[in-house]
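*Asks:* Sequential numbering from 1 applies to the sequence shown in UniProt numbering.
Think of the CB as a built atom: it goes at the ideal place given N, C-alpha and C, for glycine as much as any other residue.
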Amino acid sequence: MQAAPIETRLIDGKAYARRLTDTVRDGVTALGETHGVVPGLAVVMVGNNPASEVYVRNKIAHTEGVGMRSVAHKLPGSTTEAELLAVIDRLNRDPEVHGILVQLPLPRGIASDRITRAIHPHKDVDGLTPENVGRTTLGQDGLVPCTPLGCLLLLRSELGTLKGLHAVVVGKSNLVGRPMAQLLLQEECTVTVCHVATPDVGSLACQADVLVVATGHKGLVRRDWIKPGATVIDVGITRVTTQEGKSRLMGDVVHEEAMGRAGRLTPVPGGVGPMTIACLLRNTLTAAERSVRGLQPGT
Ligand SMILES: Nc1nc2c(c(=O)[nH]1)N[C@@H](CN(C=O)c1ccc(C(=O)N[C@@H](CCC(=O)O)C(=O)O)cc1)CN2
Ligand SMILES: [Mg+2]
Numbered sequence: 001m002q003a004a005p006i007e008t009r010l011i012d013g014k015a016y017a018r019r020l021t022d023t024v025r026d027g028v029t030a031l032g033e034t035h036g037v038v039p040g041l042a043v044v045m046v047g048n049n050p051a052s053e054v055y056v057r058n059k060i061a062h063t064e065g066v067g068m069r070s071v072a073h074k075l076p077g078s079t080t081e082a083e084l085l086a087v088i089d090r091l092n093r094d095p096e097v098h099g100i101l102v103q104l105p106l107p108r109g110i111a112s113d114r115i116t117r118a119i120h121p122h123k124d125v126d127g128l129t130p131e132n133v134g135r136t137t138l139g140q141d142g143l144v145p146c147t148p149l150g151c152l153l154l155l156r157s158e159l160g161t162l163k164g165l166h167a168v169v170v171g172k173s174n175l176v177g178r179p180m181a182q183l184l185l186q187e188e189c190t191v192t193v194c195h196v197a198t199p200d201v202g203s204l205a206c207q208a209d210v211l212v213v214a215t216g217h218k219g220l221v222r223r224d225w226i227k228p229g230a231t232v233i234d235v236g237i238t239r240v241t242t243q244e245g246k247s248r249l250m251g252d253v254v255h256e257e258a259m260g261r262a263g264r265l266t267p268v269p270g271g272v273g274p275m276t277i278a279c280l281l282r283n284t285l286t287a288a289e290r291s292v293r294g295l296q297p298g299t
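Dropping the structure here:
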């Protein structure tokens, strides 16, 4: 007998992000009124990766849109690691800068882990320094990477408690997969992490109540990878050119095959992406609030 068709609910990340952004804007206003402080975000970009240019432009526009100050450092692709470290050192010591992010990927020849480590943990709004990674892993207060934080906020809003659910995370990047797994563990999910060396990922993915896919392989997840009714969070964004010569974005999930199979699904675009930027604003406000109130974690 055929299973009853499932009506897949698309998760509107843009709408969630708009609401979160509005909350951040209120927080920025309140911080100005109570302490006369305007949160400042420094965005550092090296080279001219076209996708990064778009993301950086969006980050700056959204930062200013909520009343924060933004400082952009666009450095040439020839910048050395030492020069970049010097920029970060200056930003670490600038009291008007509460958040620092270095747009990834960095050009070859610059070791991103050395750069990340140089950012002061209290200003690390990407949540990638060893201190913040440790705090996320231990379930302590800190700054959490924006994309997995955005996924978690979407999941909590959609499902309420995540306790006891089986979550499968596909991808083990420092930016998404690893922190996502830690956050889901903190929610008391049973967490399985799959990656490039995992045999038969589909056989694990299809057991997930919550499936988070962050591999950058467009169309990796087919219908039979999805447990009927599961919540599927598609983090992948790959730009492709269609046969008609148009540019469009594709996720890691074959969207048409997930429709009618998943219970809930984030679209690409308009799912996780907008939450990444909204969470960056939230982290910057958090960093500024903690700095003015002397409430830094671990101090
Ligand atoms: N330092 C960092 N570098 C990178 C991060 C990060 O969180 N910190 N994440 C990604 C890129 N990224 C933010 O930097 C990002 C990606 C996508 C979006 C987004 O809004 N996507 C839209 C579509 C946008 C488009 O048309 O291209 C969507 O999905 O709806 C925001 C931020 C790697 N680097
Ligand atoms: Mg992202």
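1) For Val253, which three-state DSSP category applies?
2) Any heavy atom of ligand 1 inside 7 Å of the beta-carbon of Gly113?
3) Shorter than 7 Å, the distance from the beta carbon of Ile88 to the closest heavy atom of ligand 1, or not?
4) I'd like the span of the beta strand (DSSP E) that includes Thr241, first residue to last.
5) Given this structure, state the Cα-to-Cα distance separating Leu91 from His73, to the nearest angstrom.
6) CA-CA distance, Ala288 and Leu10?
7) Leaving aside the five residues before and after Gly27 along the sequence, list all residues of the same chain whose C-beta is less than 6 Å from its C-beta, in chain order.
8) Would the C-beta of Gln182 count as close to ligand 1, meaning under 7 Å from any of its heavy atoms?
9) To the nearest angstrom, how far is it from the Cα of Val46 to the Cα of Gln103?
10) Roughly how many whole angstroms lie between the Cα atoms of Asp22 and Leu249?
11) Closest to Ala186 by C-alpha separation, out of Lys218, Thr215, Ile237 and Leu138, would be which residue?
12) Looking only at its own chain, which residues have a Cβ that is under 6 Å from the Cβ of Gly99, when we skip the five neighbours before and after it?
13) Could you check where the beta strand (DSSP E) with Ile233 kicks off and where it finishes?
14) With which residues is His120 paired in a DSSP beta bridge?
15) For the beta strand (DSSP E) containing Leu101, name the first residue and the last one.
16) State the DSSP-derived secondary structure class of Met275, mapped to helix, strand or coil.
17) Which runs of the alpha helix (DSSP H), 4 residues or longer, sit entirely within the region 10-67?
18) At a cut-off of 7 Å, would you count Thr284 as near ligand 1, judging by its Cβ distance to the nearest heavy atom?
19) From this set, Ile226, Val176 and Arg93, which residue's C-alpha is nearest Gly273's C-alpha?
20) Report whether the distance from the Cβ of Gln103 to the nearest heavy atom of ligand 1 is below 7 Å.
21) Any heavy atom of ligand 1 closer than 7 Å to the Cβ of Leu20?
22) Starting from Ser70, follow its DSSP beta bridges and name the residues at the other end.
23) Ordered along the chain, which non-local residues of its own chain (more than five positions away) have a Cβ less than 8 Å from that of Thr192?
24) Three or more C-beta pairs closer than 8 Å, one from the region 44-60 and one from the region 14-21: is that the case here?
25) Quick check on the burial criterion: 16 or more other C-beta atoms within 10 angstroms. Buried or exposed for Gly160?
26) Whose C-alpha, out of Pro121, Met275, Val235 and Leu155, is nearest the C-alpha of His217?
27) Where does Arg108 sit, in a helix, a strand or coil, going by DSSP?
28) DSSP three-state label for Arg264, please.
29) Between the alpha carbons of Asp141 and Thr242, how many angstroms are there, rounded?
30) Taking Val66 as the reference, give the member of Arg114, Ala278 and Gly245 with the closest Cα.
31) Throw me the rounded Cβ distance for the Gly263 and Thr8 pair, which I believe falls under 8 Å.
*Replies:* For this structure:
1) strand
2) The amino acid at residue 113 is misidentified as Gly; the sequence shows Asp. No; taking the cut-off as 7 Å, the Cβ of Asp113 has no heavy atom of ligand 1 nearer than that.
3) no
4) Thr238 to Thr241
5) 10 Å
6) 34 Å
7) Leu285
8) no
9) 8 Å
10) 27 Å
11) Note that residue 186 is Gln in the sequence shown, not Ala. For Gln186, the nearest C-alpha among the options comes from Leu138.
12) Leu41, Lys123, Val125, Thr284 and Ala287
13) Thr231 to Asp234
14) Per DSSP, none; premise fails for His120.
15) Gly99 to Val102
16) helix
17) 13-35 and 50-65
18) no
19) Val176
20) yes
21) no
22) Leu41
23) His166, Ala167, Val168, Val169, Leu204, Gln207 and Ala208
24) no
25) exposed
26) Val235
27) coil
28) strand
29) 44 Å
30) Ala278
31) 7 Å
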